[in-house]
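Protein chains: 4
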Amino acid sequence: MASAAKKSNKVKVAVCGASGYTGLELLRLLAGHPGVEVAYASSEKSAGMTAAQLFPSLRSRYDTLKLEPLDPAKAVKAADVVFTALPHAEAAPTVAEVLKRGKKVIDLSADFRLRDAAVYEKTYGHHPAPELLKEAVYGIPERYRAEVRKARLVANPGCYPQGPILSLSPLIEAGLVSVSGIVIDSKSGVSGAGRSATVDNLFAEVSGSFKAYKVLAHRHTPEIEQELSVAAGLKPGKGVRVTFTPHLVPMNRGILSTIYVQGEKGAGAKDVIAAWKKAYAKEPFIRIYPEGQVPATRDVNGTNFVDLSAVSAPDGRIVIVTAIDNLCKGASGSAVQNFNLMCGFEETTALGALALVP
Amino acid sequence: MASAAKKSNKVKVAVCGASGYTGLELLRLLAGHPGVEVAYASSEKSAGMTAAQLFPSLRSRYDTLKLEPLDPAKAVKAADVVFTALPHAEAAPTVAEVLKRGKKVIDLSADFRLRDAAVYEKTYGHHPAPELLKEAVYGIPERYRAEVRKARLVANPGCYPQGPILSLSPLIEAGLVSVSGIVIDSKSGVSGAGRSATVDNLFAEVSGSFKAYKVLAHRHTPEIEQELSVAAGLKPGKGVRVTFTPHLVPMNRGILSTIYVQGEKGAGAKDVIAAWKKAYAKEPFIRIYPEGQVPATRDVNGTNFVDLSAVSAPDGRIVIVTAIDNLCKGASGSAVQNFNLMCGFEETTALGALALVP
Amino acid sequence: MASAAKKSNKVKVAVCGASGYTGLELLRLLAGHPGVEVAYASSEKSAGMTAAQLFPSLRSRYDTLKLEPLDPAKAVKAADVVFTALPHAEAAPTVAEVLKRGKKVIDLSADFRLRDAAVYEKTYGHHPAPELLKEAVYGIPERYRAEVRKARLVANPGCYPQGPILSLSPLIEAGLVSVSGIVIDSKSGVSGAGRSATVDNLFAEVSGSFKAYKVLAHRHTPEIEQELSVAAGLKPGKGVRVTFTPHLVPMNRGILSTIYVQGEKGAGAKDVIAAWKKAYAKEPFIRIYPEGQVPATRDVNGTNFVDLSAVSAPDGRIVIVTAIDNLCKGASGSAVQNFNLMCGFEETTALGALALVP
Amino acid sequence: MASAAKKSNKVKVAVCGASGYTGLELLRLLAGHPGVEVAYASSEKSAGMTAAQLFPSLRSRYDTLKLEPLDPAKAVKAADVVFTALPHAEAAPTVAEVLKRGKKVIDLSADFRLRDAAVYEKTYGHHPAPELLKEAVYGIPERYRAEVRKARLVANPGCYPQGPILSLSPLIEAGLVSVSGIVIDSKSGVSGAGRSATVDNLFAEVSGSFKAYKVLAHRHTPEIEQELSVAAGLKPGKGVRVTFTPHLVPMNRGILSTIYVQGEKGAGAKDVIAAWKKAYAKEPFIRIYPEGQVPATRDVNGTNFVDLSAVSAPDGRIVIVTAIDNLCKGASGSAVQNFNLMCGFEETTALGALALVP
């Protein structure tokens, strides 16, 4: 089908790192985008295969898209916009090349999410291109839409941070909840761990079990703290601290975060919901639940939705439950949303599907 | 969103039985159909709720679609085309009402799939409207496209039969395989059992286990035999007999059928694949695997694809492996495909998505 | 095999409510108990079948154990000790009958867990036998071993409460953690919801999804608060308050609780672990993890173990992660442990198995 | 606990390859064996850890069992009986060393299952010790009990072959079914693929999907054919041919095989069941289902049971459904059963547990 389309008017894109799960999700979403042609796709391990040979789910759409070892110059030459779905530190050189050639890049790695290189280095090690940090826009359109529209480099956010940031920021800005003592208990499907062969993520290790991991030591913590500090008007990295515990759920997709905050000045779930309704009145991807109802991950899987809910405790504590799809809104869906904004497409293009239930 | 669309040019449809899994799948697919407005939806148990209240996955699209107890007259009045996603025997009265009022109906129940009322009665019990059987078109477009285009009543096929019928029919027609001794070993996800509360389908009964069920006694057997008999030029019900064993897989969606046939006159997998390529050259939903590769259910889930593969045994036996999504191509996807043909839409409308992997 | 054993020296037991998951788990465990003969088993829905007909996993061991509609008098007559694995409110009449006849009973329902009838009534409704509350012993041997040994009526604890009670009580007693602001974020396998037919617990509703439920409204909350209040030396029901959120994990068994507490006087994970080691030095079923390691539910499934771990946050908060099997230590394993104590068996009898991994 | 036991009277065993799933299963089962002390355990990748550190499920039982790189001489010195749970070709050198030192070995690899070295070499490549083949006893006690009792080298059978061999052999011997045209459609849990890190067996690749693999090309085929040929009185390797298709089920454990055979001289399911009852009258691990009932894998998981069932088709075909646990009866359970016979223990020692359901 793709081959039959008139390609000349389409935006040509490159997917660097097409054999991981975020790469695959990009290909899945872009197959439904009427204004895009995938002109380049890289993979080290599966070079030589077509995308459809590697992923039979892509048969009939990517039968001729050849995977090749990453060559940043070639990617930039082939494409108008580059998606880098590469491991952290490996993305930066390609990002730099794209910018040097005057094109646009959406980086799905962690390389440009943290504004402070020192925080990056404490978390991920040596930063390969700190000089580009000031240009990077943190790619949550619901928080930075105007900046994303004009960006050349969008740092696509991490999967865990989005639910907490989107749920808490308007509440912090409105002074409805305390910025101290925030507990974020998150549960993720296994695709968040990527497509690398490791014993820990084998089916027989994960199925029928549930565990916490990297307790108080997950790399997404500074990203959450940075953005909540922005919301609080505090200097990033020196402001809000959260207690963050990720867990592994025996399911493919989805993140559900249960967040415990203290209401300020008597604020409860009603006020929280009202604040969300005000902040997100026009957002196409934010769905706010009535008090007493809480989301399940299946209802957002495969979609770009962020589902938000809140419940009041008698002692003034508020429990917030939020769900996203870690691969879609948590990664490639956001990336397409950012792409749409950067290229002048309708923001929801290729992101209109409802979740596959059951 | 739906409410903002210009509705006047759209085909109005009714979904009778909207709270089961095939009803939900219809709503999911139709949400992406630019030429459709869902004007009526029925449910006995969830009457009074909106579709989006019952199924949070539908939030933002079906927020105002009220579920009401089934009233065939009201459904027909509200809609141009009616989908009946009701239990067998319960569908027929609504089907009759639709036809009486001169409108079109796509029946997802078993009521009009078997051409011979006697076979129906042996399988399902008393037939509520045998006089309509002769008008019904068996709704596999890849076999009966011309008839579907003109049909007023399409009997949407069962989930299990489609893989066997679509894989075997062209081979039988070409005389490549024997019509005797066919073994069909099928494995289905649990959504095939429907959304009724039963102990057998509880998560804790199914998860971590695999079983056969209704061995040699499944109701879809006569449907398979009917269509293979047609392919063989034999009188339906008196022709081809198959040995059919369904199994339950601890997964939500998908049917994989492993089919054992004897090649005729030295025919092997190569000939089988060539016959498929010839028969299905222009089919948008049939994907044929190269020899040596076999499909997995995940690659068709959420899609209308039928994936076909074949392997040769040294003794002349051929093993065919075929996969579909039981709820989509196996039910509601076919129904939308039939709808498109009956209403003059492009056949693939609303059915273009690739599978959600992982 | 059982029939061949010399039965005369064995303790005869009755399992009232043998067709639910806790009943099945009792039968599974008791099959390995050399000193027990199951002399009576009841089930309303499956009366007339043998236990092995209902549950093929029991074949070869319970082939002649007939299920019959509950008759408390008959149960007491047949058995020396009665297990009541019945819904709350339905257990009390049988419990009363057992006590009247001078025999012993281990009640797995909620009926005698809460010491204060008023708290019970607020949580579960009318209490059917409040006069028996004062005699009931709360059946966590690690907290009440001496009392259990002498008890005639043991109120077997709920599944969720055990991890929090066993992890927090020694810390509260030692003054290591604050009793205010405790957050308990628990995640349970689906068997905890029982074996009743409900749409919510169908495989296709649960698989591939994760959700919170009964947020701040779960019936086990008062049970946790009661026992933590005892640990704190506060009047039950008027003392410690916790924020408790249960979640549903797509797996059969296991509960993992992530507990957030504030350390007192600089206490951290090291102190917590030391306190556990002291409190539980001789406990056969408590396993304490070294700092930095946290349990997964699979490692306790099918066992009576309680796995405990703790991690320190920089701000003085301590994260406790604890895992049990909801059906075994969380229900029937505890019941057998209590039984062993009440009848003079070695406490670990029939409870020695390691987890089935993977 | 183990350390407290009187060790002097126990049989000392070595587990070579303790960090794979069959090694883990051996440790799990042997922990419940009153006559065994595990004196040696090897692992290349996890050398230096204790077994309980590697597998937290073993905590409290194997806390001091150090894993060390395989040293056959050391294993033989430490142990009276050696279990080799190593990859094929890697097991043979240790097996040879054990025999040289006059001790006993149970080999869970494929190295000594095929009596004909030529068949081995076609299937697995160069055979490292063909001279030992004639001494090896194929370790299915239900078929070769007398030989196992006297064996020094037992070749523990593959996981897939056991169900087909145990179900079909008595039928072939009794002339009840045809030896031609046998179709074996098997479905296995993922633990059968081992504990090596591969993308194909990642949770996110397997969960929610079902597939066939190695269609007509699986290495267990010659093993099945060898033993069915023995039953038929035909020269192994030149006799019975079967059509065997393995499939992967998204579950941890269990194999269900659906077997299609042609009854001879009017034989049907009744005759099949009668033949099994006669052949297996005294077998502790064979459970035969009444006609019309078929097993599910969950009912054998964690056990050494082989569940057998049969259903008659009108055309003389018989469908046999059989279930085992691939890691227990399919590997380590059989190994312990063989060990018991070789060392004079009661055959069921340490194998008495019922399945963990749900």
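Chains as they are written, first to last, in the working numbering: chain Z, 1 to 358; chain D, 1001 to 1358; chain G, 2001 to 2358; chain U, 3001 to 3358.
We put the beta carbon where it would ideally sit given N, CA and C, even for glycine.
Determine the contact status of residue i and residue j, defining contact as a CB-CB distance below 8 Å.
i, j, result
"L3067(U)", "T3050(U)", "yes"
"R1219(D)", "N1326(D)", "no"
"R59(Z)", "R1287(D)", "yes"
"V1306(D)", "K1329(D)", "yes"
"L2202(G)", "F1203(D)", "yes"
"L2354(G)", "S3057(U)", "yes"
"V1137(D)", "D1111(D)", "no"
"A41(Z)", "R61(Z)", "no"
Under 6 Å Cβ to Cβ from residue i, same chain only, skipping five residues before and after it: list those, please.
i, result
"V1082(D)", "A1014, A1075, V1098 and V1105"
"A5(Z)", "Caution applies to A5(Z), whose pLDDT of 42 falls short of 50 and renders its modelled position unreliable; the value that the coordinates give is listed next. Nothing meets the Cβ criterion."
"S1169(D)", "A1231"
"G3268(U)", "S3312"
"K187(Z)", "H247, V249 and L256"
"G1239(D)", "S1229 and A1232"
"L70(Z)", "C16 and S42"
"I3320(U)", "S3167, I3259 and A3310"
"A279(Z)", "P170"
Spatial neighbours of residue i within its chain, please: CB distance less than 8 Å, with the 5 preceding and 5 following residues excluded, ordered by chain position.
i, result
"H2359(G)", "The structure shown does not extend to residue 2359(G), since chain G is modelled only from 2001 through 2358, so no value can be given for it."
"A1117(D)", "H1127, P1130 and L1133"
"T322(Z)", "G163, P164, L166, S167, L256, S257, I259, P295, V306, D307, L308 and S309"
"A2093(G)", "Reading the sequence as shown, one finds Pro at residue 2093(G) and not Ala. Excluding sequence neighbours, P2093(G) sits near P2072, P2128 and A2129."
Note down, in chain order, each residue of its chain lying with its Cβ closer than 7 Å to the Cβ of residue i, except the 5 sequence neighbours on either side.
i, result
"V1357(D)", "R1298 and D1299"
"F1345(D)", "G1035"
"E264(Z)", "G175, L176, V177 and S178"
"A3350(U)", "L3029, L3030, G3032, H3033 and V3336"
Buried or exposed for residue i, please, with buried defined as at least 16 other CB atoms from any protein chain shown within 10 angstroms of its CB.
i, result
"D2107(G)", "buried"
"Q1293(D)", "exposed"
"N3304(U)", "buried"
"T245(Z)", "buried"
"P2034(G)", "exposed"
"M3342(U)", "buried"
Over the uninterrupted alpha helix (DSSP H) stretch that includes residue i, give me the two end residues.
i, result
"A1343(D)", "The displayed chain sequence assigns Cys, not Ala, to residue 1343(D). Its alpha helix (DSSP H) spans residues G1333 to C1343."
"Q2986(U)", "Chain U is shown only over 3001 to 3358; residue 2986(U) falls outside these bounds and no answer can be derived."
"F203(Z)", "F203 to V206"
"T221(Z)", "T221 to A232"
"V95(Z)", "A92 to K100"
"N1022(D)", "The sequence shown places Thr at residue 1022(D), not Asn. Its alpha helix (DSSP H) spans residues Y1021 to L1030."
"Y3124(U)", "A3117 to Y3124"
From which residue to which residue does the beta strand (DSSP E) around residue i run?
i, result
"S2167(G)", "Unbroken run through S2167(G) is the alpha helix (DSSP H), C2159 to E2173; no beta strand (DSSP E)."
"D185(Z)", "I182 to S188"
"D3307(U)", "V3306 to S3312"
* To do: Would you list, in chain order, the members of the stretch 183-198 of chain Z that have their beta-carbon closer than 7 Å to a beta-carbon of chain U?
  => V190, S191, R195, A197 and T198
* chain U contacts from the stretch 1313-1328 of chain D (Cβ-Cβ distance under 7 Å) -> A1313, D1315, R1317, V1319 and V1321
* Interface residues of the stretch 1199-1212 of chain D facing chain G [CB-CB below 8 Å] -> V1199, N1201, L1202, F1203, A1204, E1205, V1206, S1207 and G1208
* Quick one: which residues of the stretch 44-73 of chain Z get their C-beta closer than 7 Å to a C-beta of chain D? List them in chain order. => F55, P56, S57, L58, R59, S60 and R61
* Asked: Which residues, in chain order, does the stretch 8-25 of chain Z contribute to contact with chain U at a C-beta distance below 9 Å?
  -> Y21
* To do: Quick one: which residues of the stretch 254-267 of chain Z get their C-beta closer than 8 Å to a C-beta of chain G? List them in chain order.
  => G254, L256, T258 and Y260
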